[in-house]
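Colleague:
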Amino acid sequence: MLLENHTPAYLTNWGTAYCGDSLKLLAALPDSSLNLVLTSPPFALQREKEYGNKAQADYVAWLAQFARLVFRKLKDDGSFVLDLGGAYELGSPTRSLYNFRVPIYFCDELGFHLAEDFYWHNPAKLPSPIEWVNKRKLRAKDSVNTVWWFGKTRWPKANVSKVLTEYSDRMKKLLEDPEGFYTPKKRPSGHDIGKSFGKNNGGAIPSNLLQISNSESNGSYLRGCKTVGAKVHPARFPSKLPEFFIRFLTEPGDLVLDIFAGSNTTGSVAECEGRKWMSFDERLDYLATSSFRFCPEAMTDAELKTTHNSILAGEAVDLRANVLNTLNQQPRNGTSHRPTVPTQDLLILAERASHIASDQIAKTKTISYRRQTKRR
Ligand SMILES: C[S@@+](CC[C@H](N)C(=O)[O-])C[C@H]1O[C@@H](n2cnc3c(N)ncnc32)[C@H](O)[C@@H]1O
Numbered sequence: 024m025l026l027e028n029h030t031p032a033y034l035t036n037w038g039t040a041y042c043g044d045s046l047k048l049l050a051a052l053p054d055s056s057l058n059l060v061l062t063s064p065p066f067a068l069q070r071e072k073e074y075g076n077k078a079q080a081d082y083v084a085w086l087a088q089f090a091r092l093v094f095r096k097l098k099d100d101g102s103f104v105l106d107l108g109g110a111y112e113l114g115s116p117t118r119s120l121y122n123f124r125v126p127i128y129f130c131d132e133l134g135f136h137l138a139e140d141f142y143w144h145n146p147a148k149l150p151s152p153i154e155w156v157n158k159r160k161l162r163a164k165d166s167v168n169t170v171w172w173f174g175k176t177r178w179p180k181a182n183v184s185k186v187l188t189e190y191s192d193r194m195k196k197l198l199e200d201p202e203g204f205y206t207p208k209k210r211p212s213g214h215d216i217g218k219s220f221g222k223n224n225g226g227a228i229p230s231n232l233l234q235i236s237n238s239e240s241n242g243s244y245l246r247g248c249k250t251v252g253a254k255v256h257p258a259r260f261p262s263k264l265p266e267f268f269i270r271f272l273t274e275p276g277d278l279v280l281d282i283f284a285g286s287n288t289t290g291s292v293a294e295c296e297g298r299k300w301m302s303f304d305e306r307l308d309y310l311a312t313s314s315f316r317f318c319p320e321a322m323t324d325a326e327l328k329t330t331h332n333s334i335l336a337g338e339a340v341d342l343r344a345n346v347l348n349t350l351n352q353q354p355r356n357g358t359s360h361r362p363t364v365p366t367q368d369l370l371i372l373a374e375r376a377s378h379i380a381s382d383q384i385a386k387t388k389t390i391s392y393r394r395q396t397k398r399r
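So for the sequence shown, the numbering used here puts the first residue at 24; every next one is plus one.
1. Report buried or exposed for residue 159, applying the criterion of at least 16 other Cβ atoms within 10 angstroms of its Cβ.
2. In whole angstroms, what separates the C-alpha of residue 145 from that of residue 169?
3. Identify, in the order they occur along the chain, each residue of the same chain with its Cβ nearer than 7 Å to the Cβ of residue 288, setting aside the five sequence neighbours on each side.
4. Are the beta-carbon atoms belonging to residue 339 and residue 237 less than 8 Å from one another?
5. Assuming residue 320 contacts residue 243 (C-beta within less than 8 Å), just tell me the rounded distance between them.
6. If you check the beta carbons only, do residue 315 and residue 221 fall under 8 Å apart?
7. Verify the contact flag: residue 303, CB atom, against every heavy atom of ligand 1, threshold strictly below 7 Å.
8. Residue 46 and residue 92: beta carbons closer than 8 Å?
9. Suppose the cutoff is 8 Å on Cβ atoms and the five residues either side in sequence are ignored; what does the same chain contact list for residue 43 look like?
10. Residues in its own chain within less than 7 Å of residue 249 by CB, not counting five upstream and five downstream?
11. Leaving out five residues on either side along the sequence, give the residues of the same chain with a beta carbon under 7 Å from the beta carbon of residue 226.
12. Quick one: residues in its chain with C-beta nearer than 6 Å to the C-beta of residue 135, no 5 flanking neighbours on either side, listed in chain order?
13. Whole-angstrom Cβ separation of residue 293 and residue 40, contact assumed at under 8 Å?
14. From 104, 96 and 124, pick the residue whose C-alpha is nearest to that of residue 82; which is it?
15. At what residue ranges does the stretch 120 to 172 contain a whole run of the alpha helix (DSSP H), taking only runs of 4 or more?
16. Would you mind stating whether residue 211 and residue 101 have Cβ atoms separated by less than 8 Å?
17. Quick check on residue 333: does DSSP put it in helix, strand or coil?
18. Using the three-state DSSP reduction, which class does residue 97 fall into: helix, strand or coil?
19. For the alpha helix (DSSP H) that residue 50 lies in, which residues bound it at each end?
20. Output yes or no for whether 8 Å exceeds the beta carbon distance between residue 94 and residue 133.
21. Check the C-beta distance from residue 126 over to residue 113 and give it rounded, since I have them as a contact under 8 Å.
22. Taking DSSP as the reference, what is the three-state secondary structure of residue 198?
23. Does the Cβ of residue 256 lie closer than 7 Å to at least one heavy atom of ligand 2?
24. Got a sec, what are the start and stop residues for the beta strand (DSSP E) residue 7 sits in?
25. If you drop the 5 nearest sequence neighbours on each side, which residues of the same chain put their C-beta closer than 6 Å to that of residue 367?
26. Do residue 281 and residue 290 count as a contact pair if the criterion is CB distance below 8 Å?
27. By alpha-carbon positions, which one of 33, 107 and 341 ends up nearest to residue 166?
28. Indicate whether residue 67 and residue 78 have their beta-carbon atoms separated by less than 8 Å.
29. Along the chain, where does the beta strand (DSSP E) containing residue 313 start, and where does it finish?
30. Identify every residue that forms a DSSP beta bridge with residue 174.
31. For residue 142, which residues from the same chain have a beta carbon less than 6 Å from its beta carbon, with the 5 sequence-adjacent residues on both sides left out?
32. Using the Cα positions of residue 309 and residue 185, report the straight-line distance between them to the nearest angstrom.
Right, here's the structure in full:
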């Protein structure tokens with residue numbers, strides 16, 4: 024989907040990334056058009072991040088401006104998933120309640136429904152704040168983010184069978200020999216464990232505690248940043264986090280939006296999952312480097328630099344041919360990518376975005392054009 028009167032930073036087979044204030048970009052979207060808004064905003068931290076933090080006292084009001092628009096733009100069975108890290112109050116080892124005030128306000132005042140509260144445990148998180156945890160040994164390390172899943176209505180689309188996890192070793196044994204392993208009976212908790220408990224459903228129902236280490240290597244993204252000498256985004260979330268909610272709450276072809284996209288982890292997962300996506304961030308430098316997530320390994324350093332420079336120069340870069348190359352492999356959920364460009368040759372940085380967006384994009388320039396006759 025393209026936004027009227029806005030030039031994308033880049034586009035791929037499945038999505039578009041736009042630079043700007045998400046309040047303005049959201050307003051330009053048609054109402055009731057989104058299946059899922061999944062995002063991680065700047066948190067109300069005491070330690071300032073390079074993209075700026077919001078004060079704890081103003082936080083709910085600040086975020087509510089975006090949430091009001093998100094509500095309007097979601098379809099009736101759409102979801103809004105919000106990852107929020109906890110924070111301490113200034114100068115004392117007391118927790119701020121800012122992340123808990125968000126769901127209360129969103130449900131009481133904006134009309135959202137809290138479908139479920141999730142907790143993302145990141146075992147790789149470093150101990151902080153240093154003063155309370157490392158130096159004075161007064162607090163445990165904080166390694167859990169709250170992830171609020173809101174529905175626009177009480178019945179957001181969801182299918183937990185799309186996110187089954189591996190059975191425990193105990194459960195695997197039970198499935199091998201249900202009769203030998205247990206007898207159906209009522210548990211002390213009152214739960215009736217019947218015969219169907221021994222049925223193999225292909226995996227276990229996940230819990231609302233998501234254990235995901237934020238230590239993935241982001242191959243093409245890191246390579247690109249290194250090549251152009253750019254800093255990596257300081258607050259990327261692991262792709263497993265958006266992957267869980269995209270699979271759980273959307274179907275192939277649905278539209279997913281991240282309004283604080285940063286390095287565009289969400290867009291790149293949506294692309295792999297065969298979902299349409301849009302991503303907004305107010306920093307063009309972040310979006311320029313995020314494009315590397317969609318660049319194939321075969322791209323030369325010179326081509327990566329051209330892509331990066333062109334986005335920074337405000338040109339809309341068409342990466343659709345690259346996606347065709349990168350994702351030759353099947354996406355993880357088995358849906359197939361359908362490239363929209365002709366496939367007789369492999370085009371890298373092929374068309375100009377003006378060809379696609381026609382009159383929506385006034386000025387664009389061809390960046391580089393390479394034909395590769397041998398397909399890998
Ligand atoms: C926590 S980071 C998101 C990181 C992202 N989840 C990732 O994996 O890379 C928050 C992002 O919000 C962006 N941001 C802050 N205020 C914004 C606004 N009003 N409109 C658009 N983007 C904004 C910042 O530039 C920053 O990149």
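Cβ atoms here follow ideal geometry from the backbone N, Cα and C, with glycine treated the same way.
Bear in mind that the values here come from a model prediction, so they are computed numbers and not experimental data.
Modeller: Walking through what the data contain:
1. Exposed is the call here.
2. Taking the straight line joining both Cα atoms gives about 11 Å.
3. Same-chain partners within the cutoff: 259, 260, 262 and 265.
4. Contact: no.
5. At roughly 7 Å, the Cβ-Cβ gap stays under 8 Å, so residue 320 and residue 243 are in contact.
6. With a cutoff of 8 Å on beta-carbon distance, residue 315 and residue 221 are scored as not near each other.
7. Checking the Cβ of residue 303 against ligand 1 gives yes.
8. Yes, they are a contact pair.
9. Excluding residues within five positions, the ones whose Cβ falls inside 8 Å are 29, 303 and 305.
10. Cβ within range, chain order: n/a, list empty.
11. Taken in chain order, the residues that qualify are 187, 188, 189 and 190.
12. Excluding residues within five positions, the ones whose Cβ falls inside 6 Å are 129 and 173.
13. Actually they do not touch by this definition, with Cβ atoms about 11 Å apart.
14. Of the listed residues, the one whose Cα sits closest to residue 82 is 124.
15. Whole alpha helix (DSSP H) segments, 4+ residues: 121 to 132.
16. Taking 8 Å as the Cβ cut-off, residue 211 and residue 101 do not qualify as a contacting pair.
17. Under the three-state reduction of DSSP, residue 333 is assigned to helix.
18. Here residue 97 carries a strand assignment [DSSP, helix/strand/coil].
19. That run of the alpha helix (DSSP H) goes 45 to 50.
20. Contact: yes.
21. Their Cβ separation, rounded to whole angstroms, is 23 Å, which puts residue 126 and residue 113 out of contact at 8 Å.
22. DSSP places residue 198 in helix when its eight states are reduced to three.
23. This structure lacks ligand 2; its bound ligands are ligand 1.
24. It is not possible to answer for residue 7, since the shown part of the chain is limited to 24 through 399.
25. Summary for residue 367: the model assigns pLDDT 25, below 50, so the residue's position carries little reliability; its value from the coordinates is reported in the next sentence. Taken in chain order, the list of residues that qualify is empty.
26. The answer is yes: Cβ separation under 8 Å.
27. Distances from the alpha-carbon of residue 166 to those of 33, 107 and 341 put 107 closest.
28. Yes, they are a contact pair.
29. First-last for residue 313: 307 to 313, but that is the alpha helix (DSSP H), not the beta strand (DSSP E).
30. Answer by DSSP bridge pairing, in chain order: 102 and 136.
31. If the five residues before and after residue 142 are omitted, its C-beta is found closer than 6 Å to the C-beta atoms of 167 and 232, all from its own chain and listed in chain order.
32. Roughly 31 Å separates the two Cα atoms.
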